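Below is one structure, written out as structure tokens; the observations come after it.
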Amino acid sequence: MSKVVAFIVYSLLWLWNVASILFLALFLGFLISIVIDDFNPLVFRVLGALGLFAGILWAEKVRKKDGLSKFHGRVNAHPEVDGPTPRNGRW
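Take any residue in the sequence shown, note its place counting from 1, add 3, and you have its number in the numbering used here.
Shown next as structure tokens:
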């Protein structure tokens, strides 16, 4: 049972990495639509595909290099709660 829960947690962390890049690409498409004053679905499709591809590559790089839980632990760490660490320059 614990392996199933761990698989679900790691899958959600991986999807979080992919979704962050995908949403940035779609937001860029939204900004492009505002600038050209026209909604073009092709822009969203192309940028969405590029964002999905880049997100998958980034999520796999993070998973292989540091591990998803370590990466998200560092991203979401709060120095006020965790105390000083060598990473933020104070001991």
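Glycine residues also receive a C-beta, built at the ideal position from the N, C-alpha and C atoms. All values reported here derive from a predicted model rather than from experimental measurement.
Is the Cβ-Cβ distance between residue i and residue j less than 8 Å?
i     : j     : result
Gly54 : Ile24 : yes
Val21 : Ile59 : yes
Leu50 : Leu18 : no
Asn75 : Leu16 : One detail in the question is off: residue 75 reads as His in this sequence, not Asn. Yes, Cβ-Cβ distance for His75 and Leu16 is below 8 Å.
Beta-carbon of residue i versus every beta-carbon of chain D: anything under 8 Å?
i     : result
Asn43 : Protein chain content of the structure displayed is limited to a single chain, and chain D is not contained in it.
Let's test the definition: count the other Cβ atoms within 10 Å of the Cβ of residue i and tell me whether it reaches 16, buried, or not, exposed.
i     : result
Gly2  : Because the chain is modelled from 4 through 94, residue 2 falls outside the range shown and cannot be assessed.
Ala62 : buried
Gly32 : buried
Could you work out which residue in the options is closest to residue i when comparing CA atoms only?
i     : options                       : result
Ser14 : Ala57, Arg66, Ile39 and Phe26 : Arg66
Ser72 : Ser5, Val12, Lys6 and Met4    : Val12
Put residue i into one of helix, strand or coil per three-state DSSP.
i     : result
Ala28 : helix
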